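Colleague: Dropping a structure here in structure tokens format, bear with me for questions.
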Amino acid sequence: MLGVYLTVSAAALPADSGGLPGAGFFPRIIGVVTVLLSSALLLKALRGSSASTFVLSHGRVIGGVVGLTFVYLLLWGTGFFTLRTFAFLVLFLRFLVQSWRASLTVAAVLTAAIAAAFQYGLRVSLE
Amino acid sequence: MTADLLAGLTAVLQWEVLTFLAVGVVLGAIFGSLPGLTATMGVAVLTPLTFWVSAEQGLAMLLGIYCGAIPAGGIPAILINVPGTPASIATSWDGYALSKKGQAGLALGINALLSAVGQLTSIFFLAVAAFPIASFALRFGPAEYFGLALFGISLMAGVSGDRVIKGMLAGMLGLGIATVGLDPMTAYPRYTFGQSEFLDGISFVPVMIGLFGLAEVLIQISDRWGKLDQAPSKLGRIWPAWMEWKRMLPSTFTGAGIGTFVGAVPAAGGDIGSVIAWEQARRLSRNKEAFGKGSLEGLAASCSSCNGAIGGAMTTMLTLGIPGDAVSAVLIGALLIHGIQPGPLLFRDHRDFVFSIVFLMAFASMVMMVVGLLGAKPLARALRIPSPWLWAGIVMFGAIGSYALNNAVVDVWAMFVAGIVGFLLRKADVPLGPLVLGLILGPMMESNLRRALILGRGDWLGTLTSSSIVVFFMVATILSLLLPLLKKRRAG
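Respectively, the protein sequence lines represent chains A and B. Mapping the first sequence onto our numbering, position 67 (from 1) lands on 67, and the numbers just tick up by one. Mapping the second sequence onto our numbering, position 193 (from 1) lands on 193, and the numbers just tick up by one.
Right under this line is the structure:
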């Protein structure tokens with residue numbers, strides 16, 4: 001699908017510019033090669049010669065970690081950086097079955113380290 | 001040359017630079033010794049921190065991490081049979097067996113000492129061979145550079161075992177991502193979806209942080225959660241006896257030589273080098289049956305080879321601008337942040353800086369030897385840190401490090417998306433190496449191909465056979481892709 005998308009969208013870009021290779025020239029090559037390679041992989045899978053190896057263990061935990069991180073990033077730039085980061089880390093660690101005591105302590109240490117390194121050390125505006 | 005050498009040494013012998021180097025080595029030792037944290041991840045996640053310091057200071061820290069993490073990767077390999085970095089896979093074969101025999105300390109001591117021997121041998125190679133290679137590469141024109149980049153990507157796909165097609169697809173994905181932004185030759189916007197944030201393209205470092213930081217955390221949760229062994233509490237003696245030194249000497253230098261050579265091959269890193277060296281040392285040994293059961297020769301070969309790959313990989317990266325392994329791929333991004341373009345011109349215009357890199361690496365490997373010997377016990381104790389604490393730190397430093405590069409939220413999202421994509425690709429058994437290479441080499445490949453075609457008036461055949469060097473790269477590309485497929489067919 002990515003190959004088809006690249007090929008189709010590259011067709012909208014100028015393939016040549018004044019007789020010289022244009023902006024769409026290279027994406028077109030990538031798109032076509034991707035389509036060919038994907039077809040070969042698909043054919044291999046249909047013949048049964050390519051064993052599917054996608055095994056997802058602890059899917060719920062991974063989903064939770066990704067979801068928590070997503071929410072944290074969505075709230076980026078809304079202020080209260082220290083509080084927000086501390087709350088995220090506590091939830092993150094609790095979600096990974098750490099005790100309340102360990103979660104609060106590690107979250108506090110990490111938040112302090114990040115604030116010290118980036119906000120006060122490197123003067124990055126994180127609010 | 002002598003003036004450049006002295007200038008390079010003087011630039012390194014500043015207390016700020018040496019402090020950054022020492023901090024980098026210690027951080028690298030921590031990253032390498034904790035399963036789940038790798039050298040690549042360490043360099044990727046901490047690259048943003050170097051943005052605010054000079055090129056020498058930033059590079060001192062990153063090279064310190066690199067030279068510290070690879071030997072430290074042997075610590076969990078020896079103590080709990082889990083390689084801390086992919087390069088230390090062969091170290092676990094004999095190291096863990098020694099640990100089970102109650103000789104964990106000796107194995108850790110050999111790891112610290114012979115890793116330094118491997119690194120210093122390969123750094124010597126870098127110092128001696130890099131200038132002639134760079135001088136030869138100065139003859140390269142656009143067609144040669146295109147051929148070289150194509151060969152690099154094909155080699156990475158070719159060494160992906162029986163996943164050649166998947167490797168090639170990953171390379172195409174990397175090349176595709178590299179096309180986002182303004183066209184380098186006509187400034188025409190491509191795949192920007194009307195968003196001005198994408199006009200400069202997708203930042204390389206956040207993508208690397210996602211691929212090697214967040215994705216690795218997710219992989220760890222999926223594969224290893226709750227499965228790690230406990231490290232032994234008693235280590236025993238660390239320093240090898242004289243007879244043991246004598247026995248290990250031939251396999252040490254065999255390993256260092258093979259590691260350096262394999263490391264210099266684009267895309268083949270210490271993991272491949274150490275396995276080849278271990279096998280070669282076994283063949284040459286009089287005591288073949290001891291290999292894999294706690295052989296000191298086997299351990300010597302694996303430790304020296306995986307570290308020998310560092311100098312080899314850096315030689316390729318610095319002279320040709322093509323990464324020798326994943327860490328040097330991330331280092332290219334770090335060098336570019338500091339306005340330094342790796343490649344033959346670096347050797348013509350900034351010789352002193354090249355010598356600085358050589359000295360930094362040599363000092364880092366010596367500092368790591370001391371850290372490895374004195375810090376064996378504390379680092380073994382660090383293995384007891386619960387993984388979720390490390391994962392929380394990696395995710396946070398990854399997110400904020402990505403943002404801090406350009407103060408751009410789009411970079412944080414790039415890291416997040418790259419992390420999820422990297423995780424899914426790895427679970428689908430798609431190698432990430434070709435993707436990274438495609439991402440790095442994409443702009444170079446595209447602009448050089450287009451320039452070469454302009455010079456060749458659009459004649460593809462004429463362009464791709466315009467010199468013996470281009471023909472060599474084209475033939476090598478075809479062979480590197482076809483040979484693994486033919487080998488597989490013959491085996492099957």
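Note that the Cβ used here is the ideal one computed from N, Cα and C, for glycine as well. Quick caveat, the model's predicted, so the values are computed rather than measured.
Could you have a look at glycine 59 of chain A and say whether DSSP puts it in helix, strand or coil?
Modeller: It is helical.
Colleague: Would alanine 39 of chain B pass as a contact of alanine 77 of chain B if the rule is Cβ separation under 9 Å?
Modeller: Result no, Cβ atoms of alanine 39 of chain B and alanine 77 of chain B do not sit closer than 9 Å.
Colleague: To the nearest angstrom, how far is it from the Cα of leucine 126 of chain B to the Cα of leucine 373 of chain B?
Modeller: Approximately 26 Å, taken between the alpha carbons.
Colleague: Give every residue of the same chain whose Cβ lies closer than 6 Å to the Cβ of glycine 270 of chain B, excluding the five residues on either side of it in the sequence, and list them in chain order.
Modeller: For glycine 270 of chain B, where only same-chain residues beyond five positions count, the Cβ hits under 6 Å are Ala87, Cys306 and Ala309.
Colleague: Measure the Cβ-Cβ separation of glutamate 127 of chain A and phenylalanine 80 of chain A and say whether it is below 9 Å.
Modeller: Yes, these two residues count as a Cβ contact at 9 Å.
Colleague: Rounded to a whole number of angstroms, what is the C-alpha to C-alpha distance between glutamine 119 of chain A and alanine 399 of chain B?
Modeller: Near 14 Å, if we compare the C-alpha coordinates of alanine 399 of chain B and glutamine 119 of chain A.
Colleague: Between glutamine 103 of chain B and the rest of its own chain, which residues show a CB-CB distance below 7 Å, the 5 nearest in sequence each way excluded?
Modeller: Only Gly236 meet the Cβ criterion.
Colleague: Hey, quick one: how far does the alpha helix (DSSP H) through glutamate 289 of chain B stretch, first residue to last?
Modeller: Taken as a continuous stretch (DSSP letters only), glutamate 289 of chain B belongs to no alpha helix (DSSP H), as it is neither H nor E.
Colleague: Return the bridge partner residues of arginine 190 of chain B from the DSSP annotation.
Modeller: Beta-bridge pairing links arginine 190 of chain B to B/Gly181.
Colleague: Run down chain B in chain order and give the residues with a C-beta less than 7 Å from the C-beta of tryptophan 76 of chain A.
Modeller: Val409 and Val412, listed in chain order.
Colleague: First and last residue of the alpha helix (DSSP H) that includes lysine 377 of chain B?
Modeller: Run containing lysine 377 of chain B: 376-382, per the alpha helix (DSSP H) assignment.
Colleague: At 4 residues or longer, what runs of the alpha helix (DSSP H) sit wholly inside the region 22-53 of chain B?
Modeller: Correct list: 39-46.
Colleague: For serine 38 of chain A, go through chain B and note every residue whose CB falls closer than 7 Å to its CB, in chain order.
Modeller: Under the 7 Å cutoff, chain B gives Leu169.
Colleague: Aspartate 200 of chain B by DSSP, collapsed to three states: which one?
Modeller: DSSP places aspartate 200 of chain B in coil when its eight states are reduced to three.
Colleague: Counting pairs of beta carbons, one from the region 202-220 of chain B and one from the region 399-410 of chain B, are three or more of them closer than 8 Å?
Modeller: Touching, per the Cβ criterion.
Colleague: Does the Cβ-Cβ distance between alanine 23 of chain A and methionine 445 of chain B come in under 9 Å?
Modeller: Cβ atoms of alanine 23 of chain A and methionine 445 of chain B: not closer than 9 Å.
Colleague: Where do the N-terminal and C-terminal ends of the alpha helix (DSSP H) with alanine 11 of chain A fall, by residue?
Modeller: Segment 2-11, the alpha helix (DSSP H) holding alanine 11 of chain A.
Colleague: Verify the contact flag: isoleucine 340 of chain B, CB atom, against every heavy atom of the ligand FAD, threshold strictly below 8 Å.
Modeller: The model depicted lacks the ligand FAD and carries no ligand whatsoever.
Colleague: List the endpoints of the continuous alpha helix (DSSP H) containing glutamine 280 of chain B.
Modeller: Taken as a continuous stretch (DSSP letters only), the alpha helix (DSSP H) holding glutamine 280 of chain B covers 270-284.
Colleague: Whose Cβ in chain A lies nearer than 8 Å to the Cβ of lysine 166 of chain B?
Modeller: Those within 8 Å of lysine 166 of chain B in chain A are Leu41.
Colleague: Are the region 43-51 of chain B and the region 5-18 of chain B touching by the rule of at least three beta carbon pairs closer than 8 Å?
Modeller: Segments in contact, no.
Colleague: Kindly say whether lysine 487 of chain B, judged by its beta-carbon, lies nearer than 9 Å to any beta-carbon of chain A.
Modeller: By this cut-off, lysine 487 of chain B is not an interface position.
Colleague: Using the beta-carbon of each residue, which ones in chain B are nearer than 7 Å to valine 33 of chain A?
Modeller: Within chain B, the residues near valine 33 of chain A are Met172.
Colleague: So, is the C-beta of glutamate 16 of chain B closer than 9 Å to a C-beta in chain A?
Modeller: No, its Cβ sits nowhere closer than 9 Å to a Cβ of chain A.
Colleague: Whose C-alpha, out of A/Ala108, A/Val8, A/Val55 and A/Gly59, is nearest the C-alpha of glycine 393 of chain B?
Modeller: That would be A/Ala108, whose Cα lies nearest to the Cα of glycine 393 of chain B.
Colleague: Which of helix, strand or coil does DSSP assign to leucine 20 of chain A?
Modeller: Residue state, collapsed to three classes: strand.
Colleague: Can you give me the start and stop residues for the alpha helix (DSSP H) that aspartate 94 of chain B sits inside?
Modeller: From DSSP, the alpha helix (DSSP H) with aspartate 94 of chain B extends over 89-100.
Colleague: Any beta carbon from chain B within less than 9 Å of phenylalanine 80 of chain A's own beta carbon?
Modeller: No, no contact with chain B.
Colleague: Would you report the Cα separation of leucine 27 of chain B and glycine 255 of chain B, rounded to the nearest angstrom?
Modeller: Distance between the alpha carbons of leucine 27 of chain B and glycine 255 of chain B: 26 Å.
Colleague: Looking only at its chain, what residues have a beta carbon closer than 6 Å to the beta carbon of glycine 64 of chain A, apart from the 5 residues adjacent to it on each side?
Modeller: The answer, listed in chain order, is Phe95.
Colleague: Is any beta-carbon of chain A found at less than 9 Å from that of arginine 384 of chain B?
Modeller: Output row for arginine 384 of chain B: interface = no.
Colleague: What do you get for threonine 2 of chain B, buried or exposed, if any count of 16 or more other CB atoms within 10 angstroms of its CB means buried?
Modeller: Burial call: exposed.
Colleague: Could you tell me the boundaries of the alpha helix (DSSP H) in which serine 125 of chain A lies?
Modeller: Segment: none, serine 125 of chain A is in no alpha helix (DSSP H) and carries neither H nor E.
Colleague: The alpha helix (DSSP H) with alanine 414 of chain B in it runs from where to where?
Modeller: Note, alanine 414 of chain B: alpha helix (DSSP H), 409-427.
Colleague: Am I right that valine 371 of chain B and alanine 29 of chain B are in contact with their C-beta atoms under 8 Å? What's the rounded C-beta distance?
Modeller: With 8 Å as the limit, valine 371 of chain B and alanine 29 of chain B qualify as a contact, their Cβ atoms being about 5 Å apart.
Colleague: Taking the C-alpha atoms as reference points, what is the distance between phenylalanine 124 of chain B and alanine 300 of chain B?
Modeller: When rounded, the distance between both Cα atoms is 19 Å.
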